[in-house]
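**Q** One structure coming up, written as structure tokens, with questions to follow.
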Amino acid sequence: MAERAAAIDRAESAPSPIRALLGNVRVVIGGTVVLLLLVVALLADLLAPADPLRQDLLFFYLPPFWMEGAEPGFWLGTDSLGRDILSRLIHAARIAVTVAVIAASATAVIGTTLGLLAGFYGRWIDTIVSRLIDIWMAFPPVLLSIVLVAVLGAGLHSVIIAIAVIDWTRFARVVRAEVMVQREQDYIASAMVIGLSRWRTLTGEILPNVLPLLLTLFTLEMGIAIIVEAILSFVGLSLASDFPTWGGMIAEGRQVINQAWWLMAFPVAVLIVVVIALNMLGDGLRQALDPVLRR
């Protein structure tokens, strides 16, 4: 009786998911940065001080506003064609968010579906999925993504397809292992005893218990997708070179790093901050929403 009362007291004293999220420093910091990124991407046309494609050769290689030789209106300077760096960074955020959300969603759907089926049903389904994972993981991901985009043709859709085709194994492996653990729990046996079908047990009982893990993987995958898009745009396999992408800006700035360091420094800094924020958000969500870690 005393043990039951203690269990009830622990359950009542446990913070709600919302309070747990707001009380997690990683969630607050990472979520704030990610939310700011989303706002910038959605309102890029309103926030950008200039047209990111507008060229003015009279104002090439202008430094940031705090350096000598800066011009009013060009807060972060200009590139070799006189295009505003700040405006290009803002519009490049829209490309990064688009790739991150769509590619991570496609990757999550493919990998989670295969992981659920392999982990719960086992047998020949598990064997096929496991062999597919082994085959996919034998290829270097960056090299395979470059080959796929080269075959499909440069473009945003090719980048998204390449990321989804390559990185679904991350979700499949982790979800499969978690489902195999959940499958042995007592609540699954109880669900089967009361007559729930295997499919309903999988989708209604196991899937909700792996959602915290999926949220973590999804945020991490968004960061990976942004990095892969930056790599592909760095080598010229994403959008056209004149359209702003963080990888393309880094590639351009690398060539003149001694003459105009800001061309490379700003997109590198933004890329690092965004990826770190997504990793922090993912770790925080896992800590705040996983009932085991919250105990």
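Each residue of the sequence shown is one higher than the one before, starting from 9 at the first, in our numbering. A virtual CB, placed ideally from N, CA and C, is assigned to each residue, including glycine. These numbers come from a predicted model, not from an experiment.
Alpha carbon to alpha carbon, how far is Val47 from Thr135? Give it in angstroms, no decimals.
**A** Within the sequence shown, the letter at position 127 stands for residue 135. Within the sequence shown, the letter at position 39 stands for residue 47. Cα to Cα, Thr135 sits roughly 44 Å from Val47.
**Q** Taking just the CA atoms, how far does Val167 sit from Thr40?
**A** As a working note, residue 40 is residue 32 in the sequence shown. As a working note, residue 167 is residue 159 in the sequence shown. Each residue's Cα considered, the two are about 27 Å apart.
**Q** With 16 other CB atoms within 10 Å as the buried threshold, where does Asp142 fall?
**A** The residue given as residue 142 occupies position 134 in the sequence shown. Answer is exposed; the Cβ neighbour count stays below 16.
**Q** Hey, quick one: how far does the alpha helix (DSSP H) through Thr224 stretch, first residue to last?
**A** Within the sequence shown, residue 224 is the residue found at index 216, counting from 1. Here the alpha helix (DSSP H) through Thr224 covers 215-242.
**Q** Should Asp59 and Ser113 be called a contact, given that it needs their Cβ atoms to be closer than 8 Å?
**A** Walking along the sequence shown from the start, residue 59 turns up at place 51. Walking along the sequence shown from the start, residue 113 turns up at place 105. With contacts defined as CB atoms closer than 8 Å, Asp59 and Ser113 fail to qualify as a contacting pair.
**Q** Where Asp53 and Leu279 are concerned, what is the direct C-alpha to C-alpha distance, given to the nearest angstrom?
**A** Taking the first residue of the sequence shown as position 1, residue 53 is located at position 45. Taking the first residue of the sequence shown as position 1, residue 279 is located at position 271. In a straight line, the C-alpha of Asp53 is about 20 Å away from that of Leu279.
**Q** Specify, as a first and last residue, the run of the alpha helix (DSSP H) that Phe251 falls within.
**A** Within the sequence shown, residue 251 is the residue found at index 243, counting from 1. Boundaries for Phe251: no alpha helix (DSSP H) harbours it, and the DSSP string shows neither H nor E there.
**Q** I need the straight-line Cα distance from Asp17 to Val42, nearest angstrom please.
**A** Your numbering for residue 17 matches position 9 in the sequence shown. Your numbering for residue 42 matches position 34 in the sequence shown. Only weak support exists for where Asp17 lies, its pLDDT of 46 falling under 50; the coordinates are left without a value.
**Q** What separation, rounded to the nearest whole angstrom, lies between the Cα atoms of Gly31 and Leu225?
**A** The residue labelled residue 31 in the question sits at position 23 within the sequence shown. The residue labelled residue 225 in the question sits at position 217 within the sequence shown. So the alpha carbons of these two residues sit roughly 21 Å apart.
**Q** In the DSSP assignment, what residue or residues form a beta bridge with Asp319?
**A** Missing from the structure shown is residue 319; the chain here goes from 9 to 303 and no further.
**Q** Measuring CA to CA, which of Val155, Gly256, Arg294 is closest to Val276?
**A** Here residue 276 refers to the residue found at position 268 when the sequence shown is read from its first residue. When each option's Cα is compared against that of Val276, the closest is Gly256.
**Q** Does the distance from the C-beta atom of Val283 to that of Ile234 stay below 8 Å?
**A** Translated into the one-based positions of the sequence shown, residue 283 becomes position 275. Translated into the one-based positions of the sequence shown, residue 234 becomes position 226. Yes.
**Q** For the region 89-135, which segments carrying the beta strand (DSSP E) assignment without a break, of at least 3 residues, lie completely within its bounds, in sequence order?
**A** none
**Q** What residue range is occupied by the uninterrupted alpha helix (DSSP H) comprising Leu54?
**A** What you label residue 54 is simply residue 46 of the sequence shown in a count that begins at 1. That run of the alpha helix (DSSP H) goes 52-55.
**Q** Candidates Trp74, Ala104, Val183, Leu65: which alpha carbon is nearest Leu122's?
**A** On the sequence shown, position 114 is the one that residue 122 refers to. Among Trp74, Ala104, Val183, Leu65, the Cα nearest to that of Leu122 belongs to Val183.
**Q** Please name the residue or residues paired with Thr86 in a DSSP beta bridge.
**A** Reading the sequence shown from its first residue, position 78 is the one you call residue 86. Beta-bridge pairing links Thr86 to Asp92.
**Q** With burial defined as no fewer than 16 other Cβ atoms inside 10 Å of the residue's Cβ, what is the status of Thr253: buried or exposed?
**A** Taking the first residue of the sequence shown as position 1, residue 253 is located at position 245. The residue in question, Thr253, is buried, as its Cβ has 16 or more Cβ neighbours within 10 Å.
**Q** Would a C-beta distance cut-off of 8 Å place Ser2 and Val264 closer than the cut-off?
**A** This structure gives no information on residue 2, because the portion of the chain shown stretches from 9 to 303.
**Q** In or out: Trp7 buried (at least 16 other Cβ within 10 Å) or exposed?
**A** Nothing in the structure corresponds to residue 7, since the chain is present only between 9 and 303.
**Q** Within its chain, find whatever has a CB closer than 8 Å to the CB of Arg294; leave out the 5 residues flanking it on each side and keep chain order.
**A** If you number the sequence shown from 1, residue 294 lands on position 286. Excluding positions up to five away in sequence, the list reads Pro220, Leu221, Leu223, Thr224, Leu301.
**Q** Is it buried or exposed for Ile202, if we count other Cβ within 10 angstroms and need 16 for buried?
**A** The count along the sequence shown starts at 1 and reaches residue 202 at position 194. Per the 10 Å Cβ criterion, exposed.
**Q** Beta carbon of Ala172, beta carbon of Thr120: below 8 Å?
**A** In the sequence shown, residue 172 corresponds to position 164, counting from 1. In the sequence shown, residue 120 corresponds to position 112, counting from 1. No.
**Q** Note down, in chain order, each residue of its chain lying with its Cβ closer than 7 Å to the Cβ of Leu55, except the 5 sequence neighbours on either side.
**A** Sequence index remark: in the sequence shown, residue 55 carries index 47 (1-based). Once the five neighbours on either side are set aside, the close Cβ partners of Leu55 are Val48, Ile98.
**Q** From what residue to what residue does the alpha helix (DSSP H) around Val264 run?
**A** The sequence position of residue 264 within the sequence shown is 256, counting from 1. Premise fails: Val264 is in no alpha helix (DSSP H) and is neither H nor E.
**Q** Judging by CA-CA distance, which residue of Ala170, Leu51, Ile133, Ile110 is the nearest neighbour of Ser246?
**A** Position 238 of the sequence shown, counting from 1, holds the residue named residue 246. Measuring from the Cα of Ser246, the nearest candidate turns out to be Ala170.
**Q** Under 7 Å Cβ to Cβ from Leu210, same chain only, skipping five residues before and after it: list those, please.
**A** In the sequence shown, the residue the question calls residue 210 occupies position 202. Once the five neighbours on either side are set aside, the close Cβ partners of Leu210 are Leu124, Phe128.
**Q** Please state the DSSP three-state secondary structure of Ala185.
**A** Counting from one through the sequence shown, the residue named residue 185 turns up at place 177. Ala185: helix per DSSP, three-state reduction.
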